[in-house]
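Working notes for the structure below.
Quick look at the structure:
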């Protein structure tokens, strides 16, 4: 028990001494533009479309393996794949730190 207390005191002292040398900055959240909203919205749209596709035709998303045949691609999952590609083209370019 005494070693546990000594370790606790040493860790608190180390954190306090190390904290004195750090520079504190103010958190400034990034502003969301139209591109950021499109990226977030496309993720929500993909989730909604896939949940809807699973509710509408669950067997289409879980094709059988016997007999072996090429699975069909229904419209909603295909559309969700295309919507999921939107961020590849509209994502904002990250700013480089100097």
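Residue numbers (the numbering used here): 220 to 317. Beta carbons: idealized from backbone N, C-alpha and C, even for Gly.
For the candidate residues the options, whose alpha-carbon lies nearest to that of residue i?
i	options	result
residue 288	258, 229 and 279	279
residue 296	224, 231, 232 and 273	273
Can you give me the C-alpha to C-alpha distance between residue i and residue j, rounded to a whole angstrom?
i	j	result
residue 268	residue 283	22 Å
residue 299	residue 293	10 Å
residue 270	residue 247	35 Å
residue 222	residue 229	10 Å
Counting only C-beta atoms, is residue i closer than 8 Å to chain D at any point?
i	result
residue 252	Looking at the structure shown, chain D is missing, and only one protein chain is on hand.
Item to complete: Would you be able to state if there are at least three C-beta pairs under 8 Å between the segment 291–311 and the segment 251–259?
Response: Counting Cβ pairs under 8 Å, three or more are found: they touch.
Worksheet entry | Three-pair Cβ contact test at 8 Å for the segment 261–271 versus the segment 299–307 | Yes, the segment 261–271 is in contact with the segment 299–307.
Worksheet item: Which ranges does the alpha helix (DSSP H) cover as unbroken runs of at least 4 residues, wholly within the segment 227–312, from first to last along the chain?
Response: Complete alpha helix (DSSP H) runs here, min 4: 253–275, 277–280, 294–303 and 305–309.
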